[in-house]
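A.B. asks:
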Amino acid sequence: MTMQPDRQIADMEGEGALPRKNGELVFDAAWEARVFGMTISMHERQLFDWNEFRNELIEEIAEAERDGTTSTYYERWLDAFEHLLVEKGLLSHAELTARLEEFTSGHRDDAF
Amino acid sequence: MSGNHAGEHHRHPESSASVRARALESLLVEKGLTASDVVDKVISAYEDDIGPRNGARVIARAWVDPAYKARLLENATDAVEDLGFGGALIAVVENTPTVHNLVVCTLCSCYPSALIGLPPSWYKSFAYRSRAVIEPRAVLREFGLELDDSVGVRVWDSSSELRYMVLPMRPAGTESLTEDQLVGLITRDAMIGVAVVPAPALAG
């Protein structure tokens, strides 16, 4: 019953490769692991193909490099994931903005 | 932003990415597109599997290749380097039908990270570090491992100079498995010594 990591994700190479240290995944903050987990859980439910996400991620990375943005790997991942969700019609941009506003204003503070 | 204090318990200012991630999770959960416990499971599956894979390769090789096993027990540091896993000095101790080995670091949390990833939080706990030495059988029982009285328990104290890893016994019924299939059976806990490698499920 334990979940087995998907090799096409774990073994991604090139620009999109997961940050590792000693062969192990590295998350610099708790939110990075949460976003990673959300993305993979939804891929497991076949809400999108891994390549669709991967292409978004590579595009975000390329864009950030081109603009000289100092964002981190998982910040780019988060951007890519949000874009994909909107593109797939799973979330709307308006919903995202509204929910974020509720969190930043302190009207909502769900803890995970 | 309002001057509302609902986020007071966050002692450090939270990064904007972190707030975005929480907002996103709340929305996805509400829409039934994911569930927080599933997200937890994904994270631990990837952390667990990816960490201990190198160590599992070493163990599987030792199970299928007696010459490699002899070399591993004799000089583990060199033997793991043969497979491309360099790092700190390592010693490997073998479980047998009469001896079960358990690894602890009583001083801090020395651990063969290059082989089995980052230590789990319990490994660093004071309770484990002290009790593993004083009452190893009770500790093992709490991990769900009941050893027969005829099995002796040896406890090895890892240090920054020398880190121990357990060579678990190869479970019965795995004679026909390939080395790669064996790798999939070997868990981090078995290489620390708080578990044994279970026989593969019979079905399927």
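Protein chains in written order, with my numbering: chain A, 117 to 228; chain B, 5 to 208.
Cβ atoms here follow ideal geometry from the backbone N, Cα and C, with glycine treated the same way.
#1: Taking the C-alpha atoms as reference points, what is the distance between A:Asn138 and B:Ala118?
#2: Grouping DSSP H, G and I as helix and E and B as strand, with all else coil, what is A:His159?
#3: Taking Cβ-Cβ distances shorter than 8 Å, what residues in chain A pair up with B:Ser22?
#4: Taking 8 Å as the CB-CB limit, is A:Ser208 close to chain B?
#5: For a contact defined as C-beta to C-beta under 8 Å, what are the partners of A:Asp163 on chain B?
#6: Closer than 8 Å, CB to CB, is A:Pro135 near chain B or not?
#7: I want to see whether chain B comes within less than 8 Å of A:Met154, judged by CB atoms only; does it?
#8: To the nearest whole angstrom, what separates the beta carbons of A:Leu201 and A:Leu207, a pair I think is in contact under 8 Å?
#9: Less than 8 Å between the C-beta atoms of B:Ile63 and B:Ile190, yes or no?
#10: Taking a contact to mean a Cβ-Cβ separation below 8 Å, would you say B:Asn99 touches B:Met169 in this structure?
#11: Could you check whether the Cβ of A:Arg150 sits closer than 8 Å to any Cβ belonging to chain B?
#12: Helix, strand or coil for B:Ala205, going by three-state DSSP, please let me know.
#13: Per DSSP, what are the beta-bridge partners of B:Arg158 in this structure?
#14: Near B:Ala83, what residues of its chain come up, given a Cβ to Cβ distance below 6 Å and the 5 sequence neighbours on each side ignored?
#15: Using the rule of at least 16 other Cβ atoms within 10 Å of the residue's Cβ for burial, across every protein chain shown, is A:Leu141 buried or exposed?
#16: Could you tell me the alpha carbon to alpha carbon distance between B:Ala199 and B:Pro175, rounded to whole angstroms?
#17: Could you tell me if A:Tyr189 is buried or exposed, where buried requires 16 or more neighbouring beta carbons within 10 angstroms of its beta carbon?
#18: Do you know offhand how far B:Ser183's Cα is from B:Ser162's?
#19: Would you list the residues sitting across from B:Ala95 in a DSSP beta bridge?
#20: Starting from A:His223, trace the alpha helix (DSSP H) both ways and give me its first and last residue.
#21: Is the shortest distance between the beta-carbon of B:Arg167 and the beta-carbons of chain A less than 8 Å?
#22: Between which two residues does the alpha helix (DSSP H) holding B:Ile190 run?
#23: By how many angstroms is the C-alpha of B:Val33 removed from the C-alpha of B:Ala39?
#24: What is the rounded straight-line gap between the Cα of A:Phe152 and the Cα of B:Val108?
#25: With three or more beta-carbon pairs closer than 8 Å as the criterion, would you say the stretch 153-168 of chain A touches the stretch 191-201 of chain A?
#26: Using the rule of at least 16 other Cβ atoms within 10 Å of the residue's Cβ for burial, across every protein chain shown, is A:Ile125 buried or exposed?
#27: In the DSSP assignment, find the alpha helix (DSSP H) that holds B:Phe89 and state where it starts and stops.
C.D. replies: To lay it out plainly:
#1: Working through the first sequence from its first residue, we reach residue 138 of chain A at position 22. Working through the second sequence from its first residue, we reach residue 118 of chain B at position 114. Residue placement at A:Asn138 is poorly supported in this model, since its pLDDT is 48, which falls under 50; the coordinates are not used for a value here.
#2: On the first sequence, position 43 is the one that residue 159 of chain A refers to. Three-state DSSP puts A:His159 in a helix.
#3: As a first step, residue 22 of chain B is located in the second sequence; it is residue number 18 there, counting from the start. By Cβ distance, chain A contributes Ala145, Ala146 and Trp147.
#4: Position 92 of the first sequence, counted from the first residue, corresponds to residue 208 of chain A. Chain B, which has no Cβ nearer than 8 Å to the Cβ of A:Ser208, makes this no.
#5: For the purposes of this step, residue 163 of chain A is taken as residue 47 along the first sequence, with counting starting at 1. The amino acid at residue 163 of chain A is misidentified as Asp; the sequence shows Leu. Per Cβ cutoff of 8 Å: Leu37.
#6: What you label residue 135 of chain A is simply residue 19 of the first sequence in a count that begins at 1. Output row for A:Pro135: interface = no.
#7: Within the first sequence, residue 154 of chain A is the residue found at index 38, counting from 1. Yes, because at least one Cβ of chain B sits closer than 8 Å to the Cβ of A:Met154.
#8: Counting from 1 along the first sequence, the entry for residue 201 of chain A is found at position 85. Counting from 1 along the first sequence, the entry for residue 207 of chain A is found at position 91. Indeed, because the Cβ distance is near 4 Å, the residues count as touching under 8 Å.
#9: Along the second sequence, read from residue 1 onward, the residue named residue 63 of chain B stands at position 59. Along the second sequence, read from residue 1 onward, the residue named residue 190 of chain B stands at position 186. Taking 8 Å as the Cβ cut-off, B:Ile63 and B:Ile190 qualify as a contacting pair.
#10: Taking the first residue of the second sequence as 1, we reach residue 99 of chain B at position 95. Taking the first residue of the second sequence as 1, we reach residue 169 of chain B at position 165. Using a Cβ distance threshold of 8 Å, B:Asn99 and B:Met169 do not count as a contacting pair.
#11: By one-based count along the first sequence, residue 150 of chain A stands at place 34. Yes, A:Arg150 lies at the interface with chain B (some Cβ there is under 8 Å from its Cβ).
#12: Along the second sequence, read from residue 1 onward, the residue named residue 205 of chain B stands at position 201. Note: B:Ala205 maps to coil in three-state DSSP.
#13: Translated into positions along the second sequence, residue 158 of chain B becomes position 154. For B:Arg158, which the question treats as bridged, DSSP gives the partners B:Asn105.
#14: Against the second sequence, residue 83 of chain B aligns to sequence position 79. Arg75 and Leu76, listed in sequence order.
#15: Mapped onto the first sequence, residue 141 of chain A falls at position 25. With 16 or more other Cβ atoms within 10 Å, it is buried.
#16: Indexing the second sequence from 1 puts residue 199 of chain B at position 195. Indexing the second sequence from 1 puts residue 175 of chain B at position 171. Distance between the alpha carbons of B:Ala199 and B:Pro175: 12 Å.
#17: In the first sequence, the residue the question calls residue 189 of chain A occupies position 73. By the neighbour-count rule (16 or more Cβ atoms within 10 Å), A:Tyr189 is buried.
#18: Start at 1 with the first residue of the second sequence, and residue 183 of chain B comes out as number 179. Start at 1 with the first residue of the second sequence, and residue 162 of chain B comes out as number 158. This sequence places Glu at residue 183 of chain B; Ser is not what is there. Straight-line Cα distance between these residues: approximately 28 Å.
#19: In the second sequence, residue 95 of chain B corresponds to position 91, counting from 1. Per DSSP, the beta-bridge partners of B:Ala95 are B:Tyr168.
#20: For the purposes of this step, residue 223 of chain A is taken as the residue at position 107 of the first sequence. Premise fails: A:His223 is in no alpha helix (DSSP H) and is neither H nor E.
#21: In the second sequence, counting from the first residue as 1, residue 167 of chain B sits at position 163. Taking Cβ atoms only, chain A never reaches closer than 8 Å to B:Arg167, which makes this a no.
#22: To locate residue 190 of chain B, count along the second sequence from 1; it is residue 186. From DSSP, B:Ile190 is part of no alpha helix (DSSP H); its letter is neither H nor E.
#23: In the second sequence, residue 39 of chain B corresponds to position 35, counting from 1. In the second sequence, residue 33 of chain B corresponds to position 29, counting from 1. Going from the Cα of B:Ala39 to the Cα of B:Val33 covers about 5 Å.
#24: Here residue 152 of chain A corresponds to residue number 36 of the first sequence, with the count starting at 1. Here residue 108 of chain B corresponds to residue number 104 of the second sequence, with the count starting at 1. Rounded to the nearest angstrom, the two C-alpha atoms are 31 Å apart.
#25: Contact between the stretch 153-168 of chain A and the stretch 191-201 of chain A is present, because at least three Cβ pairs lie under 8 Å.
#26: By 1-based counting over the first sequence, the position of residue 125 of chain A is 9. By the neighbour-count rule (16 or more Cβ atoms within 10 Å), A:Ile125 is buried.
#27: Start at 1 with the first residue of the second sequence, and residue 89 of chain B comes out as number 85. First-last for B:Phe89: undefined, no H or E at that position.
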